[in-house]
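So the structure is just underneath, and the comments pick up after that.
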Ligand code: FAD
Ligand code: NAI
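What follows is the structure, given as structure tokens:
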């Protein structure tokens, strides 16, 4: 057998690569992870999940003070924004967490190779001037921002920015246009709206948040409009010019029609992300991405090239950190000769706005396409904890198979929907029926009781409605 430097080498140290590398090392494999960034943790820790949540969390407090929510509870304060301090706590969170991964690499004896990796052959990569060999190589290179033709991003200038620039604006823009009413647009748009920007969201489709349940998408539009975001749905951006500190966008109805212009101090481009395969020299191993630029894999994350596997944002499926992490664990287990399972039918997704929006499994539309369903819905306004906390917006919806009662999907809008969806995922993983959830004792008073009530509503028998 050939003598390799490592048993397994991961390319990319995002949630896919770093988690996979740690699991591989835990399983006794000689493991390396190549990362071109100066810090570990990938998009998620450096410029994604973590810094965006740091800004969302902090701006939520500011908003609660500014919009009268705190006064309603007898706490009268006039908030004063210290934006440098808000950025400092974001930078500190990133710094601590990325260093934490470096510590875990050391502890687990994962070799971190700092540099850009490209294939020499299926068992060899080049990093700088050195080459490294491994029995198995896992591509975990993640994704990057999809550019919009005609709208040039310049994060340094801060007028037309992508999500990375949108996290770091040095001042609150007076006016901001968000191109794309998806997850990033609504999360970062919310941050700057809360801090005082007048935000307009331009979305190509007739509803926000494609991929989520139809009721969530309709309710989301109402909630964001109520919070003061201007929504321009069924509208496309056809061009952008920047003069000094102002951008002027040309808009048109998505179906075509008369053009108009919109001027803003800041434009955030958030129309999706694309898999990172450029610069890997995939030609050297004869691996060709599919039409969407993704690397196709089988159930064991094997590509069409022997010895090369792929996980995370670079392969088909939702571009989510926890999906990448679970694939990282599973691929390491396959490589170590164990069985690694990821149930791609039960991957929760959460939009961390106020309130949060979350779902797992099939949307009602998808479930109805497959067969007969029963649906139970319960409003957060009837949940005692949400009501007491002045959080009346939202609902929980449980979708169950009409014949078997098995839960097919759960969707919710609630202040803590991201936390509530975990029980739905766990239930679905164990094949729960709506009755199982309805008869599970939930602590009172909690937002989670709304999940139980929505499950009871599947049989038409909620108590508090
Ligand atoms: P990545 O995290 O993208 O990591 C890949 C790494 O590979 C990068 O560090 C890159 O530098 C490195 N790399 C690429 N090519 C090479 C090479 N040739 N050689 C060496 N290194 C290379 N997801 C959630 O689940 N929850 C959230 O709240 C959330 N918030 C987000 C907010 C924002 C603003 C953004 C942009 C994304 C967010 N995401 C969120 C998505 C999440 O960040 C990704 O799904 C996740 O990071 C994907 O993990 P990954 O390991 O596949 O790739
Ligand atoms: P997205 O796919 O969520 O949303 C992009 C939106 O832009 C869609 O609504 C789409 O219809 C619209 N769009 C596309 N082209 C357009 C155009 N020319 N004009 C107007 N609208 C246009 O992509 P986004 O928000 O950039 O996020 C990328 C990915 O990052 C997400 O899909 C998600 O996987 C991940 N992410 C996850 C988060 C979370 O889990 N909370 C937070 C942020 C990102």
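Numbering (the working numbering), first residue to last: 67 to 531. Glycine included, C-beta positions come from ideal geometry on N, C-alpha and C.
**Request:** Give the C-beta separation of residue 446 and residue 460 to the nearest angstrom, bearing in mind that I take them to be a contact with Cβ-Cβ under 8 Å.
**Result:** 4 Å
**Message:** Suppose contacts are defined by Cβ-Cβ distances below 7 Å. Is residue 450 in contact with residue 471 by that definition?
**Reply:** no
**Sequence-distant residues of its chain with Cβ nearer than 8 Å to residue 212 (five each side left out)** = 337, 338, 339, 340
**Request:** Out of 492, 513, 520, 494, state which residue places its alpha-carbon closest to the alpha-carbon of residue 504.
**Result:** 520
**Request:** Measure the Cβ-Cβ separation of residue 128 and residue 260 and say whether it is below 7 Å.
**Result:** yes
**Prompt:** Taking one C-beta from the segment 271 to 282 and one from the segment 133 to 149 each time, how about it: are there three or more such pairs within less than 8 Å?
**Reply:** no
**Message:** Can you look up residue 175 in the DSSP assignment and give me helix, strand or coil?
**Reply:** coil
**Asked** With residue 342 and residue 308 assumed to form a contact (beta carbons below 8 Å), what rounded beta-carbon distance in angstroms separates them?
**Response** That belief does not hold up - the Cβ atoms of residue 342 and residue 308 are roughly 27 Å apart, past 8 Å.
**Request:** Answer yes or no: do residue 117 and residue 89 have a C-beta to C-beta separation smaller than 7 Å?
**Result:** no
**Request:** Determine the burial state of residue 149: buried for a count of at least 16 other Cβ atoms within 10 Å of its Cβ, exposed for fewer.
**Result:** exposed
**Asked** Whose C-beta lies closer than 6 Å to the C-beta of residue 466 among residues of the same chain, with five residues either side of it excluded?
**Response** 440, 473, 500, 524
**Item:** Which of helix, strand or coil DSSP assigns to residue 429
**Value:** coil
**Message:** Taking contact to mean 3 or more Cβ pairs, one atom from each stretch, closer than 8 Å, check whether the segment 286 to 301 and the segment 177 to 193 are in contact.
**Reply:** no
**Request:** Kindly list the residues whose CB is nearer than 7 Å to the CB of residue 433, restricted to its own chain and excluding five residues on each side of it in sequence; keep chain order.
**Result:** 439, 465, 474, 475
**Request:** Answer yes or no: the CB of residue 229 versus the heavy atoms of the ligand FAD, is any distance below 6 Å?
**Result:** yes
**Message:** List, from N- to C-terminal side, the alpha helix (DSSP H) runs of 4 residues or more that fit wholly inside the segment 378 to 406.
**Reply:** 387 to 401
**Residues near residue 455 by beta carbon distance below 8 Å, same chain, minus five either side** = 481
**At least three beta-carbon pairs within less than 8 Å, the segment 200 to 210 to the segment 97 to 114** = yes
**Request:** Sort out for me which residues DSSP pairs residue 582 with in a bridge.
**Result:** Only positions 67 to 531 of the chain appear in the structure, and residue 582 is not among them; the question remains open.
**Message:** Is residue 385 a contact residue of the ligand NAI, with contact defined as CB to any heavy atom under 6 Å?
**Reply:** yes
**Asked** Run through DSSP, which three-state label would residue 434 get?
**Response** helix
**Message:** Less than 7 Å between the C-beta atoms of residue 334 and residue 497, yes or no?
**Reply:** no
**Item:** Helix, strand or coil at residue 112 according to DSSP, with G and I counted as helix
**Value:** helix
**Request:** Report the option in 436, 489, 421 whose CA atom is closest to the CA atom of residue 428.
**Result:** 436
**Asked** With burial defined as no fewer than 16 other Cβ atoms inside 10 Å of the residue's Cβ, what is the status of residue 235: buried or exposed?
**Response** buried
**Request:** Report yes if the C-beta of residue 358 is less than 6 Å from at least one heavy atom of the ligand NAI; otherwise report no.
**Result:** no
**Asked** Is it the case that the Cβ atoms of residue 208 and residue 193 are separated by a distance below 7 Å?
**Response** no
**Asked** Helix or strand or just coil, what does DSSP make of residue 258?
**Response** helix
**Request:** Within the same chain, show all residues whose beta-carbon is closer than 6 Å to that of residue 477, passing over the 5 residues directly before and after it, in chain order.
**Result:** 279, 282, 425, 463
**Request:** Report buried or exposed for residue 83, applying the criterion of at least 16 other Cβ atoms within 10 angstroms of its Cβ.
**Result:** buried
**Request:** Locate the beta strand (DSSP E) running through residue 417, then write down its first and last residues.
**Result:** 415 to 417
**Message:** Quick test of your reading: residue 530 and residue 448, contact by CB under 8 Å. State the CB separation rounded to the nearest angstrom.
**Reply:** 5 Å
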